[in-house]
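For the sequence shown, counting from 1, position 155 maps to 177 in the numbering used here; every step adds exactly one.
Every residue, glycine too, gets a C-beta built ideally from N, C-alpha and C.
The structure appears right after this line, and notes come after that.
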Amino acid sequence: MSADDQTAVPAPERSFFEEISGTLAAPWEIGKAQPVIAGLASEGALLLTAVPHCRCLWRLACAAAVMPGNLYAHFIRIELPKRPRPCLSRQPAQRPLLLHAGDGVFDGKSVLDVGCCIGDNSIHIAKHAKGATVTGCDLVERALGVARSKAAEAGVKVEFVQQDLLLPPQGALQGRQFDVILDSAVYHVFRGSKDRQDYVHTLGQLVKPGGRIVMLVFSDKQPGDQGPMRISKEDIHGSYPPPSWTVERIDDATYETVPTKYDGKAQAYLAFIRKNE
Numbered sequence: 023m024s025a026d027d028q029t030a031v032p033a034p035e036r037s038f039f040e041e042i043s044g045t046l047a048a049p050w051e052i053g054k055a056q057p058v059i060a061g062l063a064s065e066g067a068l069l070l071t072a073v074p075h076c077r078c079l080w081r082l083a084c085a086a087a088v089m090p091g092n093l094y095a096h097f098i099r100i101e102l103p104k105r106p107r108p109c110l111s112r113q114p115a116q117r118p119l120l121l122h123a124g125d126g127v128f129d130g131k132s133v134l135d136v137g138c139c140i141g142d143n144s145i146h147i148a149k150h151a152k153g154a155t156v157t158g159c160d161l162v163e164r165a166l167g168v169a170r171s172k173a174a175e176a177g178v179k180v181e182f183v184q185q186d187l188l189l190p191p192q193g194a195l196q197g198r199q200f201d202v203i204l205d206s207a208v209y210h211v212f213r214g215s216k217d218r219q220d221y222v223h224t225l226g227q228l229v230k231p232g233g234r235i236v237m238l239v240f241s242d243k244q245p246g247d248q249g250p251m252r253i254s255k256e257d258i259h260g261s262y263p264p265p266s267w268t269v270e271r272i273d274d275a276t277y278e279t280v281p282t283k284y285d286g287k288a289q290a291y292l293a294f295i296r297k298n299e
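Structure below.
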């Protein structure tokens, strides 16, 4: 179902977010980073790769453990069917056949966490992604205040600034661009195509050429129509078309909420989108 098809279910008003964000009562304020995003910051991108014809083999997978001074190499035994399976990609919550920890989704990058709310994703990336410089932006100043306090308590440096993402970059974000933009549960808020176009236009100004958007959204596999809009793969491709953008991959994922909503977990997509120009 497209954005315009879902307009029968009204999009939340700005006042809704102003009233609830930063109160620690919002469904998305779970008190920790989204596990999918945490996995990217801690392990890099995990890829499932094609393997040759054989029933059983050993593959070496190296993953940098999030412990000072430690690097672990794990041998993973792979049981294969008679015919090789095609190349697929998986999100970090699923254990792949070949673990690739060197992709460095956030490592060494300037990262902008849009719609950061109380800062849990921003803080986790700042703590665990090597050499990352992290900025978080949100519409609601109260939420940003909570985020600043949490960052100070965690002992990490994160810049938190206010920004309406339907408007061109303003204030501290004006004229700046980032290597990676993290959109964790923002895109699926917009139901009308006009708001969505304005939002993507703003992100296009904030991401560097060759930079990447990492997006986690409710998917069209999630039952019901209450709450966030259900996003299809076609929606994502339609909002980020060539030649300006390349949708590199869209993986099945899980978006965690408070336990009283969606039984604590909703079906989601994790998308990686490259800006070409």
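Next item on the list: Determine the extent of the beta strand (DSSP E) in which residue 45 is found, giving its start and end residues.
Entry: First-last for residue 45: undefined, no H or E at that position.
Note to self: Excluding the 5 residues flanking residue 278 on each side, which residues of the same chain have their C-beta closer than 7 Å to its C-beta?
What the structure shows: 52, 56, 57, 286, 287
Item checked: Cut-off 6 Å between Cβ atoms - residues of its own chain near residue 300, not counting five sequence neighbours on either side -> Nothing in the structure corresponds to residue 300, since the chain is present only between 23 and 299.
Next item on the list: Note down the Cα distance separating residue 272 from residue 291, rounded to an integer number of angstroms.
Entry: 6 Å
Next item on the list: Quick one: grab the DSSP three-state call for residue 135.
Entry: strand
Checklist line | Span of the beta strand (DSSP E) around residue 289 | finding: 287-297
Notebook entry, point to check: So what does DSSP say about residue 187, is it helix, strand or coil?
Noted result: coil
Notebook entry, point to check: So, is residue 227 buried or exposed, given that buried needs 16 or more other C-beta atoms within 10 angstroms?
Noted result: exposed
Item checked: Pick from 60, 150, 172 that is closest to residue 44, judged by C-alpha positions -> 172
Checklist line | Buried versus exposed call for residue 282 [16 or more other C-beta atoms within 10 Å across all chains shown] | finding: exposed
Item checked: alpha helix (DSSP H) segment containing residue 220, residue limits -> 215-228
Note to self: Can you give me the C-alpha to C-alpha distance between residue 224 and residue 275, rounded to a whole angstrom?
What the structure shows: 25 Å
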